[in-house]
Amino acid sequence: MKKILSLLLVFVLVFSLTACGSSTDNQAGDQTDNNSSAGSAGSDSSDNSNAASDNETAEIVPEEGASLIVWESPNEEFDFMEQMAADFEAKYGVHVDVEEVSHDKTGERLAQDGPAGIGADVIAAPHDHTGNLVASGLVLPNAFADEIKDEMIDSAVQAVSYDGVVYGYPRAIETYAMYYNKDIFAEAPTSFNDIIDFGKTYTNVNENKYAFFMDVNNSYYVEAFLEGGGGYIFGNGGTDKNDVGIDSEGSINGINQYMKLKEILPIPSGDADYQPMVALFTEGKVGAMIDGPWDLPTIRDSGINYGVAKIPALPDGSAAKPFSGVRALYVSAYSQYPNAAQLFAKFYCEQENLIKRFNATGQIPTFKGASEMEAMLNDPDVQAFSEQAAESTPMPSIPEIQLFWTAMEPAYSVIWDEQVSVEQGLKDAADQIRSDIAAQD
0 MKKILSLLLV FVLVFSLTAC GSSTDNQAGD QTDNNSSAGS AGSDSSDNSN
50 AASDNETAEI VPEEGASLIV WESPNEEFDF MEQMAADFEA KYGVHVDVEE
100 VSHDKTGERL AQDGPAGIGA DVIAAPHDHT GNLVASGLVL PNAFADEIKD
150 EMIDSAVQAV SYDGVVYGYP RAIETYAMYY NKDIFAEAPT SFNDIIDFGK
200 TYTNVNENKY AFFMDVNNSY YVEAFLEGGG GYIFGNGGTD KNDVGIDSEG
250 SINGINQYMK LKEILPIPSG DADYQPMVAL FTEGKVGAMI DGPWDLPTIR
300 DSGINYGVAK IPALPDGSAA KPFSGVRALY VSAYSQYPNA AQLFAKFYCE
350 QENLIKRFNA TGQIPTFKGA SEMEAMLNDP DVQAFSEQAA ESTPMPSIPE
400 IQLFWTAMEP AYSVIWDEQV SVEQGLKDAA DQIRSDIAAQ D
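This is the structure:
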């Protein structure tokens, strides 16, 4: 079993994971408008950047009187970040305040608050934000790049790099899979056709009972269908901004397969949302749902009789291909205490602490040899996510990926609500992205 899981995880990680979660609420336009000021601040911070690079082979110590602000998402990751803040202060004598900012909003907030001197010193962000963060001059190069390269898996390092320079501190790899209620499905469904057939008699909207539920306009989750059907976002492995594939034949096929689920989830996109999905599942009213390891603590605490498995085959038999990504920390180019900030990010990502983080969040660590951790080998849930990751698609990390998030939530909403056809909805979204890219060039 160890060998099998190791091979699976190695196979997962050879992909250049370029994501955790991402949100369609990102205001890419606002961030672009801030590029000028952020770039100027980045130039002002060049001394900090050079100092960090010069110190990579020397000992870095916190600045005298240093104190830090860290932005972290408001969930179990926030609780763990507070633990790391306390441990760091105990070791280095540097006080760290942890503030709640959703990880998909930290770059946008830093562009606004950094120039005013009220931004964070360290931010948590998914790796697909790397291109925007760097291009906008918001973050410093990783002061411990050589150590990070030695300690972390190559794909995770590549995910937080831009133009060959390491910027982020990778802390977890992630994807999503299928949770299922074993009292409703005795065995994990392997085909959406089976779920649809079952749902024809089980689903009852008036009783809030559903054979299947998902956040239907969240492009992070819907990607499993778009890519599974043969579609893509950007060409050349997600790096060619001039090849937008959202309205390609494969993408249209994937979303047509996705729309077949509406027969057993016959509610508006505004109601088929993330929060009711998790709540109904933990109440035993949902047979299966698509979600990530970040909700494992909630689901385990609920006492529901659940299992985790790969996302079933699409109705046409194609394998689902969900997004995968890396969660990381980045040091602000505006930090008054870059040494202390870099030390904190490195401290957080030490192997011992990432093992603790795995126990708290269920997210797979990025250090080499993580697949041999006893906790992972003995955890069937983690094994299921690892197996799913082997059939995942890394999120692109070029700056233009933010345009995808902005365009796709409204597109999937009107498609799901049948206000437009699949073909027209995807074409409109693709044309919007192409137009936004042209306007930036």
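Position one of the sequence shown corresponds to residue 0 (numbering that gives the first Met the number 0), numbered consecutively onward. All residues carry an ideal CB built from backbone N, CA and C; glycine is no exception.
Which residues does DSSP pair with residue i in a beta bridge?
i: residue 172; result: 325 and 363
i: residue 272; result: The partner list for residue 272 (beta bridge, DSSP) is empty, contrary to what the question assumes.
i: residue 296; result: Partner(s): none; residue 296 has no beta bridge.
i: residue 68; result: 96
i: residue 125; result: 326
i: residue 178; result: 288 and 307
i: residue 203; result: 208
i: residue 312; result: 190
i: residue 138; result: 331
Please check the pair residue i and residue j, which I expect to be a contact at CB under 8 Å, by giving their CB distance rounded to whole angstroms.
i: residue 339; j: residue 67; result: 6 Å
i: residue 246; j: residue 235; result: Not really, about 17 Å apart at Cβ, beyond 8 Å.
i: residue 158; j: residue 135; result: About 18 Å; that fails the 8 Å criterion.
i: residue 164; j: residue 156; result: With 8 Å as the limit, residue 164 and residue 156 do not qualify as a contact, their Cβ atoms being about 11 Å apart.
i: residue 384; j: residue 285; result: Residue 384 to residue 285, Cβ: 19 Å. No contact.
i: residue 257; j: residue 221; result: 6 Å
i: residue 326; j: residue 173; result: 6 Å
i: residue 102; j: residue 167; result: 12 Å between Cβ atoms; not a contact.
i: residue 233; j: residue 122; result: Not quite, the Cβ-Cβ distance comes to about 25 Å (not below 8 Å), so this is no contact.
Alpha carbons only, please: which of the options is nearest the one belonging to residue i?
i: residue 106; options: 416, 357 and 139; result: 139
i: residue 97; options: 74, 280, 144 and 115; result: 74
i: residue 290; options: 272, 425, 352 and 72; result: 272
i: residue 428; options: 403, 415, 418 and 436; result: 403
i: residue 178; options: 405, 169, 171 and 288; result: 288
i: residue 265; options: 99, 294 and 416; result: 416
i: residue 202; options: 261, 223 and 153; result: 261
i: residue 410; options: 62, 426 and 396; result: 426
i: residue 141; options: 337, 418, 188 and 419; result: 337
i: residue 151; options: 230, 93 and 348; result: 348
i: residue 305; options: 244, 380 and 228; result: 380
i: residue 180; options: 298, 250, 120 and 253; result: 298
i: residue 183; options: 278, 366 and 303; result: 303
i: residue 333; options: 252, 81, 64 and 108; result: 108
i: residue 58; options: 352, 146 and 300; result: 146
i: residue 316; options: 170, 77 and 193; result: 193
i: residue 331; options: 283, 171, 124 and 437; result: 124
i: residue 312; options: 189, 95 and 228; result: 189
Quick one: what does DSSP say residue i is sitting in, helix, strand or coil?
i: residue 392; result: strand
i: residue 237; result: helix
i: residue 208; result: strand
i: residue 42; result: Unreliable positioning characterises residue 42 in this predicted model, as indicated by a pLDDT of 37, which lies under 50. The coordinate reading is nonetheless provided below. Helix.
i: residue 13; result: With a pLDDT of only 35 at residue 13, under the threshold of 50, the placement of this residue in the model should not be trusted; the figure read from the coordinates follows. Reduced to three states, the DSSP call for residue 13 is coil.
i: residue 403; result: helix
i: residue 162; result: coil
i: residue 55; result: Only weak support is given to the placement of residue 55: the predicted model assigns it a pLDDT of 44, under 50, and the question is left unresolved by the model.
i: residue 306; result: strand
i: residue 190; result: strand
i: residue 289; result: strand
i: residue 215; result: coil
i: residue 419; result: coil
i: residue 332; result: coil
i: residue 74; result: coil
i: residue 221; result: helix
i: residue 49; result: In this prediction, residue 49 has a pLDDT of 44, which is less than 50 and means its spatial position is unreliable; nothing more can be read from the coordinates.
i: residue 427; result: helix
i: residue 258; result: helix
i: residue 277; result: helix
i: residue 151; result: strand
i: residue 383; result: helix
i: residue 242; result: strand
i: residue 439; result: helix
i: residue 60; result: coil
i: residue 342; result: helix
i: residue 28; result: For residue 28, the predicted model reports a pLDDT of 34, less than 50, meaning its position is unreliable; a value from the coordinates is still stated below. In this structure, residue 28 counts as helix in the three-state DSSP scheme.
i: residue 377; result: coil
i: residue 444; result: No statement about residue 444 is possible, as the shown extent of the chain runs from 0 to 440 and does not include it.
i: residue 109; result: helix
i: residue 412; result: helix
i: residue 21; result: In this predicted model, residue 21 has a pLDDT of only 39, less than 50, meaning its place in the structure is not dependable; the value taken from the coordinates is given anyway. Correct three-state label for residue 21: coil.
i: residue 264; result: coil
i: residue 0; result: Because residue 0 carries a pLDDT of 35, less than 50, the predicted location of this residue cannot be relied on, and no value is offered for it.
Are there any heavy atoms of the ligand GTP lying less than 7 Å away from the beta-carbon of residue i, as far as the coordinates show?
i: residue 153; result: Among the components of this structure there are no ligands whatsoever, and the ligand GTP is therefore not found.
Measure from the C-beta of residue i to each C-beta in chain B and report whether the shortest distance is under 8 Å.
i: residue 311; result: Absent here is chain B; the protein component of the structure consists of one chain.
Inter-stretch contact (C-beta, 8 Å, three-pair minimum) for the segment 318 to 326 and the segment 373 to 392: yes
Meets three-Cβ-pair contact criterion under 8 Å: the segment 331 to 345 and the segment 197 to 211: no
Cβ contact (3+ pairs, closer than 8 Å) linking the segment 81 to 91 and the segment 116 to 131: no
The segment 290 to 300 in contact with the segment 199 to 212 per 3-pair CB rule at 8 Å: no
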